[in-house]
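Protein chains in written order, with the numbering used here: chain B, 16 to 274; chain D, 16 to 274; chain R, 16 to 274; chain V, 16 to 274. We put the CB at the ideal spot given by N, CA and C, even for glycine. The structure under discussion appears below in the form of structure tokens.
Number of protein chains: 4
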Amino acid sequence: AAPFALIAGPCQMESRDHAMMIAETMKRITGDLGIPYVFKASFDKANRTSLSGKRGIGLSGALPVFQEVAETFDLPVLTDIHNEEQCREVGAVCDILQIPAFLCRQTDLLIAAAKTGRVINIKKGQFLAPWDMKNVAAKVTESGNPNVLLTERGVSFGYNTLVSDFRALPIMAETGLPVVFDATHSVQQPGGQGGSSGGERRFVETLARAAVAVGVAGLFVETHEDPDNAPSDGPNMVPLDQMAEMLKRLQALDQLTKG
Amino acid sequence: AAPFALIAGPCQMESRDHAMMIAETMKRITGDLGIPYVFKASFDKANRTSLSGKRGIGLSGALPVFQEVAETFDLPVLTDIHNEEQCREVGAVCDILQIPAFLCRQTDLLIAAAKTGRVINIKKGQFLAPWDMKNVAAKVTESGNPNVLLTERGVSFGYNTLVSDFRALPIMAETGLPVVFDATHSVQQPGGQGGSSGGERRFVETLARAAVAVGVAGLFVETHEDPDNAPSDGPNMVPLDQMAEMLKRLQALDQLTKG
Amino acid sequence: AAPFALIAGPCQMESRDHAMMIAETMKRITGDLGIPYVFKASFDKANRTSLSGKRGIGLSGALPVFQEVAETFDLPVLTDIHNEEQCREVGAVCDILQIPAFLCRQTDLLIAAAKTGRVINIKKGQFLAPWDMKNVAAKVTESGNPNVLLTERGVSFGYNTLVSDFRALPIMAETGLPVVFDATHSVQQPGGQGGSSGGERRFVETLARAAVAVGVAGLFVETHEDPDNAPSDGPNMVPLDQMAEMLKRLQALDQLTKG
Amino acid sequence: AAPFALIAGPCQMESRDHAMMIAETMKRITGDLGIPYVFKASFDKANRTSLSGKRGIGLSGALPVFQEVAETFDLPVLTDIHNEEQCREVGAVCDILQIPAFLCRQTDLLIAAAKTGRVINIKKGQFLAPWDMKNVAAKVTESGNPNVLLTERGVSFGYNTLVSDFRALPIMAETGLPVVFDATHSVQQPGGQGGSSGGERRFVETLARAAVAVGVAGLFVETHEDPDNAPSDGPNMVPLDQMAEMLKRLQALDQLTKG
């Protein structure tokens, strides 16, 4: 199997300069290690815990930045979409369209995303069994687009907690589709801080190690130069200056796993 | 407290005649019992387990039927919406706009629904704690619409199963908003039949009884004259000819509970 | 169906005088209401969260008190047992031997309890499905003792939390055995206070109402004149001076339910 | 950190010859690889799903075999105990006494086991949070025995299913005690076959890999020359002739993890 690819970037696109800084840093880090890299950012946090949560710079603000990131650093870029209307516009710029976990059963969104011909990364709903993702993926593939990634990001486990079931990785891989592990949202504590979600950053590498040892096509990790002051998902983002060392360890594990 | 209101109807709007037949029957049954009644049907099953599941007659087909049902039988009508664009059109006809459980955190949908001024019934996500619904409700109320209902419909419990936590009813009631119990989807087994969801109809009354004894403002029950041949949610719909007796028992329980 | 019986008393037997006081009070309350009453107390809390938790007055201290309670107030008495050796001695005095939830799969304990010929109340393990209790019950009935009660007391739901699945009541009733709902331990938060378990007393009546409306042969409720200063399970015991009113409401619900 | 030790053997001790055969085979395999090895077998399956499940050869039959295994192959031996009375007798022969998961909160059993001075391996209850195990361990250490192992074996996740939460490994390691991962019982499906438990053998290595990559002091794996015809836990035991290759892969992962 091929080495894992890395999908990484800030939770939300905060500004052109911030996106360029993260992309440049991650391009350098992954280039040094020889890890295939996809830049990730969200232009809109469409399902914040509460109305007062910051949502990001929006689609029209973000698309030129994605284009600049892609061209300047020669990188594929990924972002998440929230309705059918966004698909064509985002698909014109971004290489990978991501379906948010809460929306992974919305048929029209999946079909509209499929029609762009781009790679579609579907996050597994927190309410879904891994074997149910084959039906979800089929909504895209039967719409004529075979380029689907499936991402595990934790399953509901009581209230305000997720658990990562690593049996889900081989089960989803039985579809023949590449499986990605999202180490950032898997340590999220949904709604766990009252008006926003909490998280346990210290377990990002723990769960990423488990995933890599089991075998994954990709890892998804959000990163920020100052997570504690980030506008969203701060509690579970990895500090940018810790990414290189963590990736080096994960890469060694991946090489051993894949022989 | 006021007696419970009933939200009932077929899972999906199958045809004009079918909707009229169900509405007429339920109007008669609830009229005999003196139970306030809201007709419910879905014009689009937007998140079927698989692509091959029937989705219903669509928005343009359904709206005239909702209007006819409302006028012919002098009934409030409810349907669920799936994106912002539908809100205005549906809001022009339907009295209650329902936010599906998977979409209960989608801020723009909640705001667009709120702007219609209609009553908004928010289903609690299978991935949410009951105390997290106050943030969800606030997305509507802080958008200027105080008319919000909160509906419990089960929470994820392992794979392919939901459990109804009846502590959720008083916890959500602390918001001051009316709380509804959806006895149909609470007995759903998501994805439990491979390509479609299963369900356990025999527990609908069990859970409805528990909810009424705890105290609810409303009950949500899907019904069909021939559930085993219905295009969706057949396994958990109550046969139409059993509704009258079940409601009679639930009404007696409600009267005792509310003194 | 017969009206529900009540199993009630302090979590642990604190002293002869305390047990007599509770028994006398509960005898009077239930006598006024015509509710069949079983006095309950534990002589040993054998599985406290931590070593420093108080364990009670022990078997030899407790048995004469059970006898005095039984004779003075003409009451059946129930206590829980923790190993085979205790069965004979306890069985000589107590009418009902209770198998703790953690121990409900211990074959030798079930057989030894069965051999006493007493009624055996088996608490359903927090780790068990309701349909698995038929195998558990069979360990007693196939040992020649048909007098078995099955008690629901919540099932693990994430960490430090239980949830009450009311589908479990009719499922366990399919065995033909009487089903009891333990409203005290169902609101327990296991280990939820670090060195001891927490609980949410305010939901005792909520869940008891749900259970009675669904239909139960018995209710199990722990009570104390000063729960906040009780040596164990204080957070989920009902104050003694609130029992009469709560039981009156539950009795009305039971009468309606059972027609 | 030291390389992982392996606790392995048949689920139950079937006969002297069978135990000797497994011990000899595993001694050779682990000797070739340089993996510290502990022979494991149960003399009594005290909590079978149903009364008809085979329970093993019993304490008096098993102890001489443990002694012979220990002496013949110069191996430490482990078995599980079920009541206080067994502790002294088992402690005279076996190096490690194991507390079954269901019994991990039984104070007297923990104290009696502690008093033997032997190493005590406590399985984490399927109903417990990882942070609650420090209180459990303290029942042994505060009884004067510092030699405690903590074993993760899955946590309840809905009905008839367990999930392995790999955050539990570092959380339990914060106690300073060695943490073991039981890859056999973590893939158990409790009660999943009606009258007995099911399991998914194909995930044993999946979960073992995840555990080793996260970092463990020990692995626990049950093995049998013909699992499909074993008297218990057949569905989740690893065939004896597959152990060498699996251990080789896990050892490489362990060496990389521990640098």
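With 16 other Cβ atoms within 10 Å as the buried cut-off, status of R/T122: Flag for R/T122 reads buried.
Can you give the Cα-Cα distance for B/S261 and B/M41, rounded to whole angstroms? For the sequence presented, residue 261 of chain B should be read as Met rather than Ser. Their backbone Cα atoms lie some 13 Å apart in a straight line.
By alpha-carbon positions, which one of V/S158, V/D89, V/L222, V/G249 ends up nearest to V/L184? If you compare the alpha carbons of V/S158, V/D89, V/L222, V/G249 with that of V/L184, the shortest gap goes to V/L222.
Counting contacts by CB-CB distance shorter than 8 Å, is B/S3 in contact with chain V? As shown, chain B starts at 16 and ends at 274. That puts residue 3 of chain B outside it, with no answer to give.
Going by beta-carbon coordinates alone, are B/M252 and B/C26 separated by less than 8 Å? One thing to note: B/M252 has its Cβ within 8 Å of the Cβ of B/C26.
To the nearest angstrom, how far is the alpha carbon of B/V84 from that of B/L234? Going from the Cα of B/V84 to the Cα of B/L234 covers about 20 Å.
Can you pull out the residues from the segment 92-113 of chain B whose beta carbon lies closer than 9 Å to at least one beta carbon of chain D? Under the 9 Å Cβ criterion, the segment 92-113 of chain B contributes H97, N98, E99, E100.
Got a sec: is the Cβ-Cβ distance from B/S75 to anything in chain D below 8 Å? When Cβ-Cβ separations below 8 Å define contact, B/S75 makes no contact with chain D.
In the DSSP assignment, find the alpha helix (DSSP H) that holds V/T156 and state where it starts and stops. Element bounds for V/T156: 148-156.
Can you look up D/A198 in the DSSP assignment and give me helix, strand or coil? Three-state result, D/A198: coil.
Within 10 angstroms of its Cβ, does V/E189 collect 16 or more other Cβ (buried), or is it exposed? By the 10 Å Cβ count, V/E189 comes out exposed.
Quick check on the DSSP output: the beta strand (DSSP E) that includes R/T238 runs from which residue to which? First-last of the beta strand (DSSP E) with R/T238: 233-239.
Rounded straight-line distance, which links the Cα of V/K60 to that of V/V194: Cα to Cα, V/V194 sits roughly 24 Å from V/K60.
Short of 8 Å in beta carbon distance, which residues of its chain neighbour R/G73, apart from the five on each side in sequence? Order them along the chain. Excluding residues within five positions, the ones whose Cβ falls inside 8 Å are F58, D59.
For a contact meaning CB atoms closer than 8 Å, what does V/T176 contact in chain D? One finds G173, Y174 in chain D with Cβ atoms closer than 8 Å to the Cβ of V/T176, taken in chain order.
Please say whether B/A23 and B/E237 have beta carbons closer to each other than 8 Å? Contact: yes.
Hey, R/A267 and D/L271 are a contact pair by Cβ (cut 8 Å); roughly how many whole angstroms apart? Rounded, the Cβ-Cβ distance is 6 Å, consistent with contact.
Around the Cβ of V/N160, are there at least 16 other Cβ atoms within 10 angstroms (buried) or fewer (exposed)? Buried, by the Cβ-count rule.
Using CA atoms only, rank isn't needed, just tell me which of D/E99, D/V108, D/R103, D/G249 is closest to D/L118. Looking at D/E99, D/V108, D/R103, D/G249, the one whose alpha-carbon comes closest to that of D/L118 is D/E99.
Mapping DSSP to helix, strand and coil, what is R/Q208? Shown here, R/Q208 sits in coil according to DSSP, grouped into three states, outside any helix or strand.
By alpha-carbon positions, which one of V/T87, V/D248, V/V231 ends up nearest to V/A17? It is V/V231 whose Cα lies nearest to the Cα of V/A17.
Since B/K138 sits in a beta bridge, which residues does DSSP pair it with? The partner list for B/K138 (beta bridge, DSSP) reads B/T166.
Is there a Cβ of chain D sitting closer than 8 Å to that of B/P205, yes or no? Put simply, the CB of B/P205 is near chain D, with a gap under 8 Å to one of its CB atoms.
Any beta carbon of chain V sitting closer than 8 Å to that of B/D197? Chain V contact via Cβ: absent.
Establish whether the CB of V/F142 and some CB of chain B are separated by less than 8 Å. So, not an interface residue.
Would V/T87 count as contacting chain R if we go by Cβ distances under 8 Å? By this cut-off, V/T87 is not an interface position.
Would you mind working out which of V/S212, V/I137, V/G213, V/A116 sits nearest V/N162, comparing C-alpha positions? When V/S212, V/I137, V/G213, V/A116 are compared, the shortest CA-CA separation from V/N162 is found for V/I137.
My output table needs one value for D/Q101: the three-state DSSP class, helix, strand or coil. In the structure shown, D/Q101 sits in a helix (DSSP, three-state: H, G or I).
List the residues of chain E that D/F117 touches, going by C-beta distances under 8 Å, in chain order. This model lacks chain E altogether; the protein chains it does include are B, D, R and V.
8 Å is my cut-off, CB to CB: does B/V219 come that close to chain V? Chain V, which has no Cβ nearer than 8 Å to the Cβ of B/V219, makes this no.
Report back the beta-carbon spacing between D/N62 and B/R120 to the nearest angstrom; my notes put them in contact at under 8 Å. Sure, about 4 Å apart at Cβ, within 8 Å.
Could one say the Cβ of R/E157 lies closer than 8 Å to chain V's Cβ atoms, at least one of them? R/E157 counts as touching chain V.
In whole angstroms, give me the CA-to-CA distance for B/F181 and R/D197. B/F181 and R/D197 have their C-alpha atoms spaced approximately 35 Å apart.
Considering only residues of the same chain and omitting the five flanking positions on each side of D/I126, which have a CB-CB separation below 7 Å? Within the same chain, D/I126 has close Cβ partners K154, S158.
Does the distance from the CB of R/A144 to the CB of D/A225 come in under 8 Å? Taking 8 Å as the Cβ cut-off, R/A144 and D/A225 do not qualify as a contacting pair.
I'd like to know whether the C-beta atoms of D/S247 and D/G46 end up nearer to each other than 8 Å. No, Cβ-Cβ distance for D/S247 and D/G46 is not below 8 Å.
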